[in-house]
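A quick write-up on the structure given underneath.
Residue numbers (this note's numbering): 26 to 189.
Structural data, given as structure tokens:
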């Protein structure tokens, strides 16, 4: 704390001034030390100490509260705003639309591929059936040729036996 310096005024000056009056006034005016504090009774000193302690705890608690308020302010500033939420919702809607479009395209491609697979399977079955029919026809031709050859042999044997 700064020292209180009292200036002497005309009313404070004594009526009769001795010769060294300006020196006394100068000494009183330039006094650098504050007057000593008055002595308090013990119970008042204890009360002052208790009040000082309480004030220190109040100051510490205020510091904590100020720190919390600053943190809340920072979190409020950094928290997502309504615009941020709308932006995320719009982005998710765009992604959902793109996913739906891709799903439809893939289902169409799967349908085309399955139809091509059905046609290929049908063609292979038809070819296999035709191949089986051709194989049977070839076997029948071979069997007929064998039977005709056997009949011709028997006819030749008969002819030869009859001629002999």
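Built from N, CA and C at the ideal position, the CB exists for glycine as well.
Every value quoted in this text rests on a predicted model; they were computed, and no experiment measured them.
Start and end residues, alpha helix (DSSP H) containing residue i
i	result
residue 72	67 to 103
Counted within 10 angstroms of its Cβ, other Cβ atoms place residue i as buried (16 or more) or exposed
i	result
residue 26	Note on residue 26: pLDDT 42, under 50, position unreliable in the model; no value is reported.
Contact set for residue i: own chain, Cβ-Cβ below 8 Å, skip 5 residues either direction
i	result
residue 191	As displayed, the chain neither begins before 26 nor continues past 189, which places residue 191 out of reach and without an answer.
residue 65	73
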